[in-house]
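Asks:
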Amino acid sequence: MNLLGGTAKRQFDLVVIGTGSAATTAANQCRAAGWSVAVVDCRPFGGTCALRGCDPKKVLVGAAALIDWVRRMDGKGMRGDNARVEWPELMRFKRTFTDPVPEEREKSFAKAGVDSFHGVGRFTSPSQLQVGEEIMESRRFLIAAGAKPQKLNIPGEQYMTTSEQFLELDSGASITGDSPIATRLAV
Ligand SMILES: Cc1cc2nc3c(=O)[nH]c(=O)nc-3n(C[C@H](O)[C@H](O)[C@H](O)COP(=O)(O)OP(=O)(O)OC[C@H]3O[C@@H](n4cnc5c(N)ncnc54)[C@H](O)[C@@H]3O)c2cc1C
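Residue numbers (our numbering): -18 to 168.
1. Take Ile(-2) and list the residues in its own chain whose beta-carbon comes closer than 6 Å to its own, dropping the five residues that flank it on each side.
2. Helix, strand or coil, according to DSSP, for Leu71 in the structure here?
3. Would you kindly check if the distance between the Cβ of Arg24 and the Cβ of Val95 is under 8 Å?
4. Which ranges does the beta strand (DSSP E) cover as unbroken runs of at least 3 residues, wholly within the segment 3 to 85, from first to last along the chain?
5. Considering only their Cβ atoms, is the gap separating Phe122 from Pro83 smaller than 8 Å?
6. Excluding the 5 residues preceding and the 5 following Asp(-6) in the sequence, name in chain order all residues of the same chain whose CB lies nearer than 6 Å to its CB.
7. Which residues bound the beta strand (DSSP E) around Ser144?
8. Between which two residues does the beta strand (DSSP E) harbouring Val112 extend?
9. Here's the rule: buried if 16 or more other CB atoms are within 10 angstroms of the residue's CB, otherwise exposed. What is Ser89?
10. Closer than 6 Å by C-beta to Gln(-8): which residues in its own chain qualify, once you throw out the five before and the five after it? Chain order, please.
11. Taking 8 Å as the threshold, find out whether the segment 133 to 153 comes into contact with the segment 32 to 52 through three or more Cβ pairs.
12. If you draw a straight line from the C-alpha of Ile69 to the C-alpha of Phe78, how long is it?
13. To the nearest angstrom, how far is it from the Cα of Arg52 to the Cα of Glu138?
14. Less than 7 Å separating the Cβ of Lys38 from some heavy atom of ligand 1?
15. From what residue to what residue does the beta strand (DSSP E) around Lys(-2) run?
16. In or out: Val66 buried (at least 16 other Cβ within 10 Å) or exposed?
17. Any idea what DSSP makes of Ser89, helix, strand or coil?
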């Protein structure tokens, strides 16, 4: 709100919806070219890859690959009798990579001169996006809002977990689907 009780309005050359890999690259490059830039995210800053995708997955896949190697070398100059995954400890290790991301991403935007907004972005006109009480007016918008899991409409779907839920599980799970992500989580 401004002093007269109206909605605050800010002007930018570019407003980016999202703070994942796509949004971050575009926002930083346009800012470096001298544009005034804002980013908006309704979830913790960092997007899928850093928080719920590639990076946490690589920690788990790396641990599984290590166990596999140890078992395959058992009896060939290696003893792997005790090699096993300690899931809660592994999840804590995974969070050492993911937990710092939102704050670091926002600090890095601030350092680059990119303005940060938290909340759901909604267009109110072709040149205006509203986030909470703030209206952003911009020459250009980039929708880098990522993707959501598709509903499968199969019996028993309510018992399934998404890859995001899988990466926060307390114990193991079985995997349905043969996408690259499903395959890498399964092996
Ligand atoms: C488990 C898993 C493993 C993966 N592994 C790999 C890999 O190894 N290698 C690889 O290349 N890719 C991998 N991917 C794919 C990769 O993570 C995605 O392709 C990439 O993160 C997409 O980035 P993005 O910037 O387009 O969107 P995202 O990173 O998803 O960011 C979109 C952001 O927009 C925000 N948002 C959405 N709507 C709004 C709104 N209305 N208002 C405000 N904010 C909004 C969301 O909160 C989100 O933070 C993996 C994905 C998953 C799920």
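Think of the CB as a built atom: it goes at the ideal place given N, C-alpha and C, for glycine as much as any other residue.
Replies: From the atom records:
1. Val21, Gly102, Ile124 and Ala126
2. helix
3. 8 Å or more divides the Cβ of Val95 from the Cβ of Arg24.
4. 18 to 22
5. no
6. Trp16, Ser17 and Arg120
7. Segment Ser144 to Phe147 is the alpha helix (DSSP H) holding Ser144; no beta strand (DSSP E) there.
8. Gln109 to Val112
9. Around the beta carbon of Ser89, fewer than 16 other beta carbons sit within 10 angstroms, so the residue counts as exposed.
10. Beyond the five residues adjoining it in sequence on each side, Gln(-8) comes within less than 6 Å, by CB distance, of Glu118 in the same chain, given in chain order.
11. yes
12. Reading off the sequence shown, one finds Pro at residue 69, where the question assumed Ile. Each residue's alpha carbon lies about 15 Å from the other.
13. 34 Å
14. yes
15. The sequence shown places Ile at residue -2, rather than the Lys named in the question. That run of the beta strand (DSSP E) goes Ala(-11) to Ile(-2).
16. That one is exposed.
17. If DSSP states are grouped into helix, strand and coil, Ser89 belongs with the helices.
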